[in-house]
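Here the structure comes first, spelled out in structure tokens, and everything after it is commentary.
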Amino acid sequence: KQRYGAPRLTDELRAQGYQFNVKTVAASLRRQGLRAKASRRFRPVSYRKHGLPVSENLLKQDFYASGPNQKWVGDITYLRTGEGWLYLAVVIDLWPRSVIGWSMSSRMTAQLACNA
154 KQRYGAPRLT
164 DELRAQGYQF
174 NVKTVAASLR
184 RQGLRAKASR
194 RFRPVSYRKH
204 GLPVSENLLK
214 QDFYASGPNQ
224 KWVGDITYLR
234 TGEGWLYLAV
244 VIDLWPRSVI
254 GWSMSSRMTA
264 QLACNA
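Quick note: to get my numbering, add 153 to the position in the sequence shown (first position is 1).
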């Protein structure tokens, strides 16, 4: 992304044969008023008033299961990688609290959840 802060700039200078400490480079950048462009934090957008039907809460916060395959729960989360954002869908059996299926994709679709 070509964002050069003190650590990256120091590595580049060392690759060219110069010997600088990271703190020295950071102090020089500060004196000159230079700052690396920070990557923006990803903020997911939630549409609460979308007008679509919402699934019923079948568990009602009762996460106890007396045996295997009685209660499965799932969730979708997003992960930042070097290639961009990826979505991870996971299905967990509440009895052994273990993952029984998962799927990853660059897009959050219904197929992602079904594949998990």
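By construction, the Cβ of each residue, glycine as well, lies at the ideal position given by its N, Cα and C atoms.
Check	Outcome
Can you have a look at Val-252 and say buried or exposed, based on whether 16 or more other CB atoms are within 10 angstroms of its CB?	exposed
To which residues does DSSP link Ser-251 through a beta bridge?	Asp-246
Which same chain residues end up closer than 7 Å to Val-243 when comparing Cβ atoms and leaving out the 5 residues on each side of it in sequence?	Gly-227, Asp-228, Val-252, Trp-255 and Ala-269
Please determine, among Leu-205, Ser-259 and Pro-160, the residue with the shortest C-alpha to C-alpha distance to Thr-177.	Pro-160
Out of Val-175, Tyr-171 and Gly-170, which one is the CA nearest neighbour of Gly-158?	Val-175
Which ranges would you report for the alpha helix (DSSP H) in the stretch 159-195 if only whole runs of at least 4 residues count?	159-168 and 175-184
Can you say whether Thr-163 is buried or exposed, counting buried as having 16 or more other CB atoms within 10 angstroms of its CB?	buried
Tell me whether Ala-266, by its Cβ, gets closer than 7 Å to a heavy atom of the ligand NAD.	Among the components modelled here there is no ligand, and therefore nothing to report on the ligand NAD.
CA-CA distance, Leu-166 and Arg-194?	28 Å
In whole angstroms, what separates the C-alpha of Cys-267 from that of Met-257?	11 Å
Taking the C-alpha atoms as reference points, what is the distance between Gly-220 and Leu-265?	27 Å
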